[in-house]
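Novice:
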Amino acid sequence: MTAFSLAACSDDDSGDSSGGDSEETSSEPPADLSTVILGEEDAPEGYAYEGDTFESLAEEFDEMDPESEEELDELRETMGVLDWNPEECGELVNGQIEALIDDPNLFEGAVSSAYIIEDRGDLGDSVEDPMMLSSMGSYSVALFPGNKALEIPDADTCREATGSMETEGISMEMKMSVEDWDMEGVEVDGADDVIATKSTLTLSVDDSGGGMPMEQYGAYGTVNGVDVSVVSQGEADPAVVADLFAKQVEQLS
Numbered sequence: 001m002t003a004f005s006l007a008a009c010s011d012d013d014s015g016d017s018s019g020g021d022s023e024e025t026s027s028e029p030p031a032d033l034s035t036v037i038l039g040e041e042d043a044p045e046g047y048a049y050e051g052d053t054f055e056s057l058a059e060e061f062d063e064m065d066p067e068s069e070e071e072l073d074e075l076r077e078t079m080g081v082l083d084w085n086p087e088e089c090g091e092l093v094n095g096q097i098e099a100l101i102d103d104p105n106l107f108e109g110a111v112s113s114a115y116i117i118e119d120r121g122d123l124g125d126s127v128e129d130p131m132m133l134s135s136m137g138s139y140s141v142a143l144f145p146g147n148k149a150l151e152i153p154d155a156d157t158c159r160e161a162t163g164s165m166e167t168e169g170i171s172m173e174m175k176m177s178v179e180d181w182d183m184e185g186v187e188v189d190g191a192d193d194v195i196a197t198k199s200t201l202t203l204s205v206d207d208s209g210g211g212m213p214m215e216q217y218g219a220y221g222t223v224n225g226v227d228v229s230v231v232s233q234g235e236a237d238p239a240v241v242a243d244l245f246a247k248q249v250e251q252l253s
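The sequence shown begins at 1 in UniProt numbering and counts up by one.
This is the structure we're talking about:
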């Protein structure tokens, strides 16, 4: 999930794209969300279950060496020098990146399930080619205890934004857009505050043109005090996102 697609979740005017308008319930969330999240048996056809990515992230942060910390500092510095249009979008996007990097308790109690396409080729080549890695189809399901998900300010003005920078003679432009998505017509009952979005990121370097757009579909809502997030990355089927979201909501209801 990108920081920009997260920002779309805060748009109060986007409405409930799925038609899921159930009443608020007072049920307590499960003490252990790992008992209710989708698992290996729910993997979409052609995709392999990769386990809980939050768990591996936590381990990486615990074992982070000085070199990795320097890389995170470089990421902060790079994002900080981007000039944003509209200007207020810079504070929004950078704030979310800071939260993801700096909050050690962000994923406490949260669980996730990742599904990555089985026919993924050579992972070594993918790591060396960021475009290949970003286009690799995957789906991620995440559950957050109440009030644990990132708090996002209202960002309707940032549904379209451009970040640009020039350093050492190299210019880079990052265009991002977010629009409402109808969840392929799938109706979801039992979830509150459902929002569904399609996010597009296009990165170009040195006036290379439009670059290759990267799309992400996301469905978000709350069930019995649990925040649910289902997103796709790369070449994925939006209908699968809608199906996984509906399954997860049903499992929590």
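Even glycine gets a Cβ: it sits at the ideal position worked out from N, Cα and C.
As a quick exercise: from Pro238, Asp237, Val230, Glu235, pick the residue whose alpha carbon is nearest that of Val111.
Specialist: For the purposes of this step, residue 111 is identified with residue 111 of the sequence shown, where counting begins at 1. Cα-wise, what sits closest to Val111 is Val230.
Novice: Could you check whether the stretch 161-171 touches the stretch 179-187, counting it as contact only if at least three pairs of C-beta atoms, one from each stretch, sit closer than 8 Å?
Specialist: Cβ pair count under 8 Å is below three, so no.
Novice: Exposed or buried, what is Pro238 when buried is set at 16 or more other beta-carbons lying within 10 Å of its beta-carbon?
Specialist: Numbered from its first residue, the sequence shown carries residue 238 at position 238. That one is buried.
Novice: Along the chain, where does the beta strand (DSSP E) containing Val226 start, and where does it finish?
Specialist: Translated into the one-based positions of the sequence shown, residue 226 becomes position 226. 226-233 is the extent of the beta strand (DSSP E) around Val226.
Novice: In whole angstroms, what is the alpha-carbon distance linking Gln233 and Met136?
Specialist: Within the sequence shown, numbered from 1, the residue matching residue 233 stands at position 233. Within the sequence shown, numbered from 1, the residue matching residue 136 stands at position 136. Cα to Cα, Gln233 sits roughly 7 Å from Met136.
Novice: Select from Ala43, Glu108, Asp189, Glu160 the residue whose C-alpha is nearest the C-alpha of Leu143.
Specialist: Here the question's residue 143 lines up with position 143 in the sequence shown. Leu143 has its Cα closest to that of Glu108, out of Ala43, Glu108, Asp189, Glu160.
Novice: Just grab the DSSP bridge partners of Glu138 for me.
Specialist: As a first step, residue 138 must be located in the sequence shown, where it is residue number 138. According to the sequence provided, residue 138 is Ser. The question's Glu does not apply to it. DSSP lists Ile116, Gln233 as partners of Ser138.
Novice: Please classify Ala114 as buried or exposed, where buried requires at least 16 other C-beta atoms within 10 Å of its C-beta.
Specialist: Reading the sequence shown from its first residue, position 114 is the one you call residue 114. Answer is buried; the Cβ neighbour count reaches 16.
Novice: In three-state DSSP terms, what is Phe107?
Specialist: One-based indexing of the sequence shown puts residue 107 at position 107. In this structure, Phe107 counts as coil in the three-state DSSP scheme.
Novice: For Thr35, count neighbouring C-beta atoms within 10 Å of its own C-beta (all shown protein chains included) and say buried if the count is 16 or more, exposed if not.
Specialist: Reading the sequence shown from its first residue, position 35 is the one you call residue 35. So Thr35 ends up on the exposed side.
Novice: Are three or more beta carbon pairs between the stretch 87-96 and the stretch 30-48 nearer than 8 Å?
Specialist: In short, these stretches do not touch, since the Cβ pair count stays below three.
Novice: I need the DSSP call for Leu92, collapsed to helix, strand or coil.
Specialist: Mapped onto the sequence shown, residue 92 falls at position 92. Note: Leu92 maps to helix in three-state DSSP.
Novice: Measuring straight from C-alpha to C-alpha, what distance separates Ala191 and Asp206?
Specialist: Locating residue 191 in the sequence shown gives position 191, counting from the first residue. Locating residue 206 in the sequence shown gives position 206, counting from the first residue. Those two C-alpha atoms are separated by around 45 Å.
Novice: Determine the extent of the alpha helix (DSSP H) in which Val186 is found, giving its start and end residues.
Specialist: Along the sequence shown, read from residue 1 onward, the residue named residue 186 stands at position 186. Premise fails: Val186 is in no alpha helix (DSSP H) and is neither H nor E.
Novice: Can you name, in chain order, every residue of its own chain whose Cβ lies under 6 Å from the Cβ of Pro213, other than the five neighbours on each side?
Specialist: Translated into the one-based positions of the sequence shown, residue 213 becomes position 213. Excluding sequence neighbours, Pro213 sits near Thr200, Thr202.
Novice: From which residue to which residue does the beta strand (DSSP E) around Asp243 run?
Specialist: What you label residue 243 is simply residue 243 of the sequence shown in a count that begins at 1. First-last for Asp243: 238-252, but that is the alpha helix (DSSP H), not the beta strand (DSSP E).
Novice: Can you give the Cα-Cα distance for Pro44 and Val141, rounded to whole angstroms?
Specialist: Here residue 44 corresponds to residue number 44 of the sequence shown, with the count starting at 1. Here residue 141 corresponds to residue number 141 of the sequence shown, with the count starting at 1. Rounded to the nearest angstrom, the two C-alpha atoms are 12 Å apart.
Novice: I need the boundaries of the beta strand (DSSP E) containing Glu166, first residue and last residue.
Specialist: Position 166 of the sequence shown, counted from the start, is the residue given in the question as residue 166. 160-167 is the extent of the beta strand (DSSP E) around Glu166.
Novice: What is the C-beta distance between Leu38 and Leu244, in whole angstroms, given that I count them as a contact (C-beta under 8 Å)?
Specialist: Looking up residue 38 in the sequence shown gives position 38. Looking up residue 244 in the sequence shown gives position 244. Contact flag correct, Cβ pair sits at about 7 Å.
Novice: Go ahead and label Asn85 buried or exposed: buried means 16 or more other beta carbons lie within 10 angstroms of its beta carbon, across all protein chains shown.
Specialist: Looking up residue 85 in the sequence shown gives position 85. Exposed: under 16 other Cβ atoms inside 10 Å.
Novice: Whole angstroms are fine: how far does the CA of Ala196 sit from the CA of Cys158?
Specialist: Residue mapping note: residue 158 aligns to position 158 of the sequence shown, counting from 1. Residue mapping note: residue 196 aligns to position 196 of the sequence shown, counting from 1. Those two C-alpha atoms are separated by around 16 Å.
Novice: Please report the distance separating the alpha-carbon of Ser253 from that of Met172.
Specialist: Mapped onto the sequence shown, residue 253 falls at position 253. Mapped onto the sequence shown, residue 172 falls at position 172. Ser253 and Met172: Cα-Cα distance of roughly 45 Å.
Novice: Figure out for me which residue from Glu55, Glu118, Asp156 has the closest Cα to the Cα of Tyr139.
Specialist: Reading the sequence shown from its first residue, position 139 is the one you call residue 139. Comparing Cα-Cα distances from Tyr139 to each of Glu55, Glu118, Asp156, the minimum goes to Glu118.
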